[in-house]
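One structure is given below, encoded as structure tokens.
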Amino acid sequence: MIGEMDADSVVGYFRGKSILITGSTGFLGKVLVEKILRVQPDVKKLYLLIRAPDAESAKLRIQTEIIGREIFHVLKEKHGVRFNNFIEEKICPLVGDIIYENFGLDSAQLGELSKDVDVIVNGAATTNFFERYDVAFDVNVLGVKHICAFATKCPKLKMLLHVSTAYVAGEQEGIIPEKPILMGETIKVGTHLEIESELNLIKVTMQELKASCSTEKAGRKTMKELGLKRARHFGWPNTYVFTKAMGEMMMGLLPMDFPVVIIRPSIITSTLKEPLPGWMEGIKTIDSVVIGYAKQTLPFFLVDLDLIMDVIPGDMVVNAMMVAMVAHSEDQQVQIIYHVTSSLRNPAPYAILWKSLFRYFNDNPPCTGRNGEHVRLKKMRFFSSVMWFRLYMAFKYMLPLEMLRLVNIALCGVFSRVYNELSRKFRFMMQLSELYAPYTLFKGCFDDMNLDKLRMAMKKDNQNNNGAYYFDFDPKYIDWEDYFYSVHIPGVLKYTRD
1 MIGEMDADSV VGYFRGKSIL ITGSTGFLGK VLVEKILRVQ PDVKKLYLLI RAPDAESAKL
61 RIQTEIIGRE IFHVLKEKHG VRFNNFIEEK ICPLVGDIIY ENFGLDSAQL GELSKDVDVI
121 VNGAATTNFF ERYDVAFDVN VLGVKHICAF ATKCPKLKML LHVSTAYVAG EQEGIIPEKP
181 ILMGETIKVG THLEIESELN LIKVTMQELK ASCSTEKAGR KTMKELGLKR ARHFGWPNTY
241 VFTKAMGEMM MGLLPMDFPV VIIRPSIITS TLKEPLPGWM EGIKTIDSVV IGYAKQTLPF
301 FLVDLDLIMD VIPGDMVVNA MMVAMVAHSE DQQVQIIYHV TSSLRNPAPY AILWKSLFRY
361 FNDNPPCTGR NGEHVRLKKM RFFSSVMWFR LYMAFKYMLP LEMLRLVNIA LCGVFSRVYN
421 ELSRKFRFMM QLSELYAPYT LFKGCFDDMN LDKLRMAMKK DNQNNNGAYY FDFDPKYIDW
481 EDYFYSVHIP GVLKYTRD
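All the letters of the sequence shown, read from the start, carry residue numbers 1 to 498 under full-length UniProt numbering.
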């Protein structure tokens, strides 16, 4: 049973705590670090594990990739001239990487860290759908193993929170429960997964590539294709969700006498309110379409507009993470899973995004003309099935491309540059649409019964007395059309970088 909480009790929990955070240079990691420092300046220490060659480089990464971002402007204004001193006191960079045992730290660093840490937040991940299998496996699978092993060495540890993804469910349909993935469990009937066998396969493939003196480009292509092949063999659509599922399996391997919380967000979008509405970094799944439409480089997309688009603002995910830390700190429950999602609570069909997108650019046409004049953008064409999409692509692009290829051969390569460029664009559009198809054609709905209990444990008015911060993570009250039109789309255009 989760005890009743309010914003003040959540904030109070972090006073005097030492927290190890991995993945702090990522979007969600930045939102978490900023929120903890803003609402609880008396937090003892935030240990940030940073990949860097040395301590100075790690500090530089924190300066440029974390606290130098727009999201920290509110905190800078709050502390004024003391901001840099405050950051120096509260943030401790650790030069290391979760892909190594003990994160690559020396015994002295490891000993000091293990004695001081109260909470561990593992947010490190490679989120590329088409990542090299060895790279994704190192971070998303072995990284979790190393986090768990370190956690067992921390005598003061009160809880471990691991950030996963709701899409470890693959392409299942119907209501998807908040339940653990058991070791060896797969989505495709008749298959059984052995993590050790997958690791051996990676090692053997790497040895074969080395023995055959493959180029770096050929090796990268081979490892990317291997990840996709293994993912689909076991029923997952891409390397990212496949390795994240194996990472969750790893959580159950080591004996742990502390609570473990697994947060499974759906598609994370820009911040709804705090500290800056619409802030985000990197181009997420649906944002490729926003950018592609704005630049008129994506004339069509594979999506069923009637299906539910499960998105959740980044600040709501962080709010749920912080409340879950407090709710389960020193809890006796071994493991609990939270779907931080919206498809059950406040379902939004993809049509809402496209409606908002067209309306936004109709009201705010970009300057794309030769003389900087506003240009009305063409509407996109949508395909609700893979079959119709492939037929369209075959007649519209593949057939003309093949004809151009034959003409190019006949004319001794006169059109080689044009053919190669068009061919590259065609492959990019096909890959983009088909990699995102598991999300844009997704027919599942994520149950959030556990998260609902956590919501109910928070008092209805979850702002603190002076309204300086809030911990809302209920998507029920989001007007999706207004959010996309007024917050998310402007945020994508303002904050994302090519």
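We put the CB at the ideal spot given by N, CA and C, even for glycine.
Please list, in chain order, all residues of the same chain as residue i whose beta carbon is under 7 angstroms from its beta carbon, the five residues on each side excluded.
i	result
residue 134	202, 206 and 223
residue 279	70, 71, 270, 271, 491 and 495
residue 315	31, 271, 272, 273 and 274
residue 453	2
residue 376	365
residue 446	166, 176, 266, 310, 339, 341, 343 and 344
residue 107	none
Relative to the C-alpha of residue i, which candidate in the options has its C-alpha closest?
i	options	result
residue 356	86, 483, 169 and 76	483
residue 442	101, 30 and 176	176
residue 397	299, 320 and 344	299
residue 255	150, 395 and 20	150
residue 60	38, 87, 401 and 82	87
residue 178	89, 344, 293 and 395	344
residue 474	487, 493, 451 and 485	451
residue 117	66, 63 and 18	18
residue 112	20, 196 and 180	20
residue 167	296, 43, 129 and 196	129
residue 173	477, 478, 438 and 376	438
residue 96	121, 79, 51 and 144	51
residue 325	200, 303, 121 and 147	121
residue 346	481, 262, 91 and 287	481
May I have the straight-line CA-CA distance separating residue i from residue j, to the nearest angstrom?
i	j	result
residue 244	residue 219	23 angstroms
residue 364	residue 49	41 angstroms
residue 45	residue 162	19 angstroms
residue 498	residue 103	Summary for residue 498: the model assigns pLDDT 48, below 50, so the residue's position carries little reliability; its value from the coordinates is reported in the next sentence. Cα to Cα, residue 498 sits roughly 31 angstroms from residue 103.
residue 170	residue 457	30 angstroms
residue 38	residue 82	14 angstroms
residue 27	residue 266	14 angstroms
residue 105	residue 307	47 angstroms
residue 431	residue 238	12 angstroms
residue 410	residue 417	15 angstroms
residue 99	residue 276	33 angstroms
residue 342	residue 54	41 angstroms
residue 212	residue 403	36 angstroms
residue 485	residue 185	41 angstroms
residue 257	residue 335	10 angstroms
residue 385	residue 459	44 angstroms
residue 124	residue 419	40 angstroms
residue 227	residue 435	13 angstroms
residue 527	residue 393	Because the chain in this structure spans residues 1 to 498, residue 527 falls outside the shown range and cannot be described.
residue 479	residue 109	48 angstroms
residue 318	residue 399	48 angstroms
residue 321	residue 415	55 angstroms
residue 311	residue 350	10 angstroms
residue 251	residue 440	29 angstroms
residue 14	residue 41	9 angstroms
residue 284	residue 180	26 angstroms
residue 23	residue 29	6 angstroms
residue 11	residue 152	26 angstroms
residue 198	residue 143	15 angstroms
Put residue i into one of helix, strand or coil per three-state DSSP.
i	result
residue 148	helix
residue 400	helix
residue 132	coil
residue 384	coil
residue 62	helix
residue 428	helix
residue 82	helix
residue 511	As shown, the chain starts at 1 and ends at 498. That puts residue 511 outside it, with no answer to give.
residue 470	coil
residue 273	coil
residue 459	coil
residue 183	coil
residue 114	helix
residue 93	strand
residue 159	strand
residue 22	strand
Skipping 5 residues on each side, what residues in its chain have a beta carbon closer than 6 angstroms to that of residue i?
i	result
residue 56	none
residue 329	158 and 159
Who are the near neighbours of residue i in its chain, counting only those whose CB is closer than 8 angstroms to its CB and skipping five residues on each side?
i	result
residue 155	114 and 115
residue 489	290, 356, 357 and 360
residue 305	349, 350, 351, 354, 382 and 384
residue 332	259
Can you tell me the Cβ-Cβ gap for residue i and residue j, rounded? I've got them flagged as a contact below 8 angstroms.
i	j	result
residue 264	residue 339	5 angstroms
residue 389	residue 383	4 angstroms
residue 141	residue 246	5 angstroms
residue 327	residue 240	The Cβ separation is near 28 angstroms, so there is no contact.
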